[in-house]
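Working notes, beginning with the structure itself.
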Amino acid sequence: MSLFKARDWWSAVLGEGEEFDQGCLCVGDVDNSGTGHDKVVVGSYMGMLRIFSPHASKAGEGGQAAVDAQLLEVQLRDPIIQLEVGKFVSCSELLHLAVLHPRKLSVYSVSGTAGNVEHGTQYQLKLVYEHNLQRTACNMTYGPFGGVTGHHSLCIQSMDGMLMFFEQDSYSFGRFLPGFLLPGPLVYCPRTDTFLTVSSARQLESYKYETLAVATEAESRQDADLPVKTGGKRLTPDWTLVLGEQALDLSVPTFSHSSSSIFVLGERNLYSVRDNGQIRFMKKLEFNPSCFLPYASVTDGTTNLLMGNHNNMLLVYQDVTLKWAAQLSYVPVAMRTASFPELKGVVVTLSSDGHLQCSYMGTDPSFFSTPKVDAREADYEQVDAEMKRLQKFIREATRTQDILPKADAEDELTVTATVSSSVDRPSKAVIQDIDGLPVPSVTVQVKVKSTCVLQSSKLTVTVQPPLAVTQDQFILEPMGIGSSTVVAFSAFLNGHYPPADLTGDITVSYNSPTGVPRVLQSRFCLPLVLVCVPSSPAKNTKFKITVDTNQPPVNLNSVFPEFAQKSEDKEGNSLAFQFLSGARVTVLASKTSQRYRIQSDSFEDMWLVVKELVQRFERHFAKQGVKDFRNSFSGPLPLQEYFLSVDHHFQLRVSAQQYQDLLSERAVQFRAIQRRLLTRFKDKTPAPLQNLDTLLDATYSQVMALAEAAEENRARLEEAFVRLRSSSHLLVLLLALWQGLTPDQTAILEATLLPLLQDTPQLGWEESCDAAVSHLLRTCLSRSSKEQATSLAQGGGAVLGLPRDTERLKKHITLLCERIGKGGRLTLASETNAQQQIPATVHSLVTPGGVEPITEQAGDVEEPALPQEATKFIKKKQPSKKVKKDKDSKEKKEASESSEATAKEEGGAEESLKEVKKEKKESSKEKKESSKKESSKEAKKESSSSKEKKEKEKEKEASKEKKEKEAKESSKESGEKKVSRKSSVKVKKKEPEAAEG
0 MSLFKARDWW
10 SAVLGEGEEF
20 DQGCLCVGDV
30 DNSGTGHDKV
40 VVGSYMGMLR
50 IFSPHASKAG
60 EGGQAAVDAQ
70 LLEVQLRDPI
80 IQLEVGKFVS
90 CSELLHLAVL
100 HPRKLSVYSV
110 SGTAGNVEHG
120 TQYQLKLVYE
130 HNLQRTACNM
140 TYGPFGGVTG
150 HHSLCIQSMD
160 GMLMFFEQDS
170 YSFGRFLPGF
180 LLPGPLVYCP
190 RTDTFLTVSS
200 ARQLESYKYE
210 TLAVATEAES
220 RQDADLPVKT
230 GGKRLTPDWT
240 LVLGEQALDL
250 SVPTFSHSSS
260 SIFVLGERNL
270 YSVRDNGQIR
280 FMKKLEFNPS
290 CFLPYASVTD
300 GTTNLLMGNH
310 NNMLLVYQDV
320 TLKWAAQLSY
330 VPVAMRTASF
340 PELKGVVVTL
350 SSDGHLQCSY
360 MGTDPSFFST
370 PKVDAREADY
380 EQVDAEMKRL
390 QKFIREATRT
400 QDILPKADAE
410 DELTVTATVS
420 SSVDRPSKAV
430 IQDIDGLPVP
440 SVTVQVKVKS
450 TCVLQSSKLT
460 VTVQPPLAVT
470 QDQFILEPMG
480 IGSSTVVAFS
490 AFLNGHYPPA
500 DLTGDITVSY
510 NSPTGVPRVL
520 QSRFCLPLVL
530 VCVPSSPAKN
540 TKFKITVDTN
550 QPPVNLNSVF
560 PEFAQKSEDK
570 EGNSLAFQFL
580 SGARVTVLAS
590 KTSQRYRIQS
600 DSFEDMWLVV
610 KELVQRFERH
620 FAKQGVKDFR
630 NSFSGPLPLQ
640 EYFLSVDHHF
650 QLRVSAQQYQ
660 DLLSERAVQF
670 RAIQRRLLTR
680 FKDKTPAPLQ
690 NLDTLLDATY
700 SQVMALAEAA
710 EENRARLEEA
720 FVRLRSSSHL
730 LVLLLALWQG
740 LTPDQTAILE
750 ATLLPLLQDT
760 PQLGWEESCD
770 AAVSHLLRTC
780 LSRSSKEQAT
790 SLAQGGGAVL
800 GLPRDTERLK
810 KHITLLCERI
820 GKGGRLTLAS
830 ETNAQQQIPA
840 TVHSLVTPGG
850 VEPITEQAGD
860 VEEPALPQEA
870 TKFIKKKQPS
880 KKVKKDKDSK
890 EKKEASESSE
900 ATAKEEGGAE
910 ESLKEVKKEK
920 KESSKEKKES
930 SKKESSKEAK
940 KESSSSKEKK
950 EKEKEKEASK
960 EKKEKEAKES
970 SKESGEKKVS
980 RKSSVKVKKK
990 EPEAAEG
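Following numbering that gives the first Met the number 0, the numbering of the sequence shown begins with 0 at its first residue and continues without gaps.
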């Protein structure tokens with residue numbers, strides 16, 4: 000007898016006189032509720048199918064708990080041999096229930112319909128498809144046979160040794176197992192795409208799905224002595240392992256800790272086998288087992304197992320070590336683990352006579368307390384003080400409901416990184432020189448100090464490419480209280496282009512003394528001398544940037560002392576940095592003004608120098624006690640230079656996609672030629688190859704050439720992305736200096752222009768950046784609160800993908816910079832002012848939050864936006880005065896179309912103006928025709944004298960004023976708002992919004 004018992008959480012007794020076996024229990028979200036909670040499906044040999052959703056049993060409920068938890072009970076005509084839950088229906092990602100009968104395989108869908116009365120949800124079992132079997136079935140298994148994704152196939156083993164394969168609602172093929180006598184357990188291993196079974200020879204056999212597919216067709220049972228049929232080959236196992244006993248069950252865990260383990264439960268032994276047939280371990284059992292279930296272990300390299308035996312015991316093993324034993328009230332024949340809303344990791348067991356139990360392992364606390372021998376009088380003051388102290392602890396414990404545990408006041412680990420002030424001698428770089436310049440390396444020492452006992456911890460170092468380190472992972476030794484460990488590594492440049500950032504990250508992962516996993520991060524900054532050396536200044540360069548300060552000029556040699564030793568200018572007015580990749584950056588200080596010019600032939604390479612210059616200026620003046628020091632940038636922003644990096648990166652992405660498509664085409668062609676050659680070689684009658692071998696060699700050469708070109712393009716794309724990141728960093732810094740952005744606003748802008756740390760084939764920088772910039776333009780940088788609310792009401796965009804070109808992105812980035820330059824504020828804080836100004840019709844659709852409209856400068860103030868229909872009407876009637884008369888009718892038409900599209904985006908759907916539209920439909924057509932006639936007449940009379948032009952202008956102005964008055968009068972009569980001529984001009988001159996292409 001065990002000291003502990005399995006704690007009963009929920010239980011039920013199923014039927015009377017029914018019989019259950021190993022395959023009659025299944026656990027899964029069979030009704031596709033989406034909550035991730037499992038349902039328990041039980042089938043019996045009497046054909047009864049039951050589905051349960053267990054919950055905690057309350058005292059006194061008894062059998063009522065089983066009734067409340069039962070979702071469905073259906074009587075099927077045939078005995079139920081096995082149940083499985085998987086994706087068995089084509090073109091559907093939902094889970095379905097597969098039921099195996101002796102002569103039939105049925106697949107059902109379980110659905111729930113919410114009821115309108117107190118009885119709750121009603122569940123239905125609907126037959127999707129079924130297969131009538133020609134042979135009596137024994138058991139089945141399922142999985143993604145052949146490595147397919149998105150659905151599962153089924154394999155049924157018959158009593159006479161035939162494996163029948165079904166792919167959804169169609170029968171694929173059947174194969175007889177060699178040397179078959181009696182059926183054994185069958186399981187599919189998705190890692191190796193193999194089927195495992197234990198034959199009557201008491202050995203474990205493995206068959207590849209590919210081998211089964213090309214073997215002899217199993218139309219009828221063949222003798223081993225008869226010749227093999229043509230069109231296939233004899234089926235043989237890939238490997239075998241002699242067990243010496245019959246197996247009760249097989250299991251292939253799919254969790255990561257046992258990624259290459261196959262477990263076999265024998266009559267007297269437990270085996271753990273690798274995927275290649277080698278034994279990992281064998282455990283001799285001292286009892287007769289009935290069932291088992293492997294599950295994930297918290298210790299790396301080990302697997303936990305639940306095992307039931309005929310002594311009514313539930314045992315927990317970690318590999319071969321017994322960790323726990325609990326007593327059951329019956330012999331389990333099937334065992335699963337499930338997660339329910341109230342409890343995770345519940346052990347579900349089923350007996351042969353229908354005892355279904357959900358239990359957990361543990362002990363009941365003892366509430367017995369020893370009575371006091373000597374009764375004392377209670378000190379109420381002391382009791383009251385202790386009560387207050389305990390209530391204070393309770394309030395502090397329940398104040399926050401964080402999932403993660405609180406960090407201690409004193410950190411358990413402290414990480415300190417120290418970068419050496421001098422380079423290593425000799426250098427530890429992999430590439431010793433680039434373009435004749437030696438590549439230096441610098442040593443970084445990391446000190447890890449512990450304030451508690453830590454058994455094991457892992458330290459990881461990460462730097463930005465193309466930087467590299469000599470060692471990026473360290474396994475730290477166990478540390479005691481107050482002990483410390485020091486590790487060292489060297490960082491160096493490992494590519495032919497400069498990095499986008501010189502910072503590195505250190506991550507230490509460890510387990511606290513209580514077993515809670517924790518992560519500690521630290522950052523270090525590498526010196527500039529790691530990527531560049533001093534050089535002579537360059538006079539003529541392509542790109543120039545000027546940085547202003549509010550303090551007198553500084554000697555550059557004092558700001559960059561490590562580069563001043565080899566500088567040719569001893570006065571400190573100029574300094575040059577030669578990057579190891581070949582670009583040269585020159586810094587010039589003005590002798591009279593407070594300006595500094597940074598110039599180079601490479602726009603991206605200026606980023607590190609400008610960043611270092613700004614940071615060193617701030618440190619230099621901070622040491623001198625200057626509190627009001629400020630860097631600034633007067634503009635203009637180098638957007639065209641920045642767009643060169645964007646276009647170059649985009650072209651390489653397009654090339655990568657083209658290489659991928661070409662490789663796919665050539666690969667398909669290569670496999671097709673291989674199949675034809677294989678058919679020719681298999682044919683008994685020799686036939687000419689018809690130059691298929693030559694075509695195969697040529698296709699192979701093309702595939703290799705394309706692969707090499709794609710690899711080269713990938714390397715260039717990585718370099719282009721790093722350079723694009725440098726350009727984006729530089730643009731963000733210049734914007735921050737230009738408008739004096741706060742650190743929070745700079746962080747928002749940096750997250751917008753640098754949404755990714757690396758490109759992926761599925762998601763690239765262009766589409767991510769465009770989505771982020773468009774979001775800012777629609778929210779905190781919107782021109783009005785109404786436009787902001789309308790964009791939020793119409794939220795939801797298209798799926799991100801590789802764009803056709805970069806015109807839209809460049810247009811949005813330009814608009815972003817313009818709006819920031821006009822006083823736009825980048826913020827994520829919610830504003831109540833915007834909600835107050837939103838029209839009632841839009842406010843009923845959405846209540847915007849987390850955005851803030853910008854304040855436009857004088858001269859760009861916009862009147863309240865017009866409704867959609869009114870804007871269209873007035874715009875056609877009143878052309879702007881600013882439109883030049885010498886434009887042809889085509890340009891006018893394009894301008895009117897673009898302004899109409901903009902007005903539609905701003906206006907939204909206004910139901911109150913439908914009647915006005917109907918009343919003025921005829922008048923607007925007449926006025927539109929008259930305006931078109933006048934414009935055509937003006938185009939014909941362009942060659943007339945200046946006097947005639949002046950007269951025409953006066954006449955046109957008079958006609959415009961007259962029409963404007965008529966429009967005002969008509970709008971007053973129909974109840975419209977007053978619209979000034981200025982608002983119509985503003986609609987014509989409206990800036991392109993983020994929603995435009």
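The beta-carbon is built from N, C-alpha and C at its ideal position, and this holds for glycine as well.
All values reported here derive from a predicted model rather than from experimental measurement.
Chain-order list of residues whose beta-carbon lies under 8 Å from that of residue i (same chain, five-residue window excluded)
i, result
"Y1023", "This structure cannot settle anything about residue 1023, because the visible part of the chain is limited to 0 through 996."
"A408", "A caution first: A408 carries a pLDDT of 40, below 50, which makes its placement in the model too unreliable to give a value."
"K543", "R596, I597 and Q598"
Extent of the continuous alpha helix (DSSP H) run through residue i
i, result
"C768", "W764 to R777"
"F1004", "No statement about residue 1004 is possible, as the shown extent of the chain runs from 0 to 996 and does not include it."
"S748", "Position check: residue 748 holds Leu in this sequence, whereas Ser was assumed. Per DSSP, L748 belongs to the alpha helix (DSSP H) from P742 to L752."
"S654", "L638 to K681"
"I819", "E806 to G820"
"N556", "L555 to V558"
"D383", "Y379 to T397"
Outcome for residue i when other beta-carbon atoms lying within 10 angstroms are tallied against a minimum of 16
i, result
"C90", "exposed"
"H95", "buried"
"V297", "exposed"
"H151", "buried"
"M312", "buried"
"L13", "buried"
"E161", "According to the sequence shown, residue 161 is Met rather than Glu. Classification for M161: buried."
"E765", "buried"
"R652", "buried"
"G149", "exposed"
Range of the contiguous beta strand (DSSP E) that encloses residue i
i, result
"E83", "Q81 to G85"
"A325", "T320 to Q326"
"E129", "Q121 to N131"
"T140", "A136 to G142"
"A467", "L466 to V468"
Proximity below 7 Å, CB of residue i to CB of residue j
i, j, result
"Q463", "D504", "no"
"G35", "P78", "no"
"R715", "S644", "no"
"V702", "R665", "yes"
"T450", "E411", "yes"
"P331", "G307", "yes"
"D743", "S633", "no"
"S592", "P536", "no"
Residue of the options minimising C-alpha distance to residue i
i, options, result
"P189", "G178, R134, W9 and S250", "S250"
"F144", "T193, P184 and A97", "T193"
"R19", "A5, L48, S773 and E266", "It is worth fixing the name first, because residue 19 is Phe in this sequence and not Arg. For the residues A5, L48, S773 and E266, the minimum Cα distance to F19 belongs to L48."
"A490", "S426, A5 and S205", "S426"
"N690", "D682, C524, K683 and L676", "L676"
"S419", "D434, P439 and L153", "P439"
"E17", "G33, S43, Q390 and Q614", "S43"
"L825", "A704, L748 and G763", "L748"
"R522", "L153, A621 and V414", "V414"
Sequence-distant residues of its chain with Cβ nearer than 6 Å to residue i (five each side left out)
i, result
"S10", "Q356"
"Q167", "S89"
C-beta neighbour in chain D for residue i, strict 7 Å
i, result
"V731", "Judged by its chain identifiers, the structure shown contains no chain D, having just a single protein chain."
Beta-carbon contacts of residue i that lie in its chain and below 7 Å, excluding the five residues immediately before and after
i, result
"H495", "I433 and S580"
"K4", "A325 and Q326"
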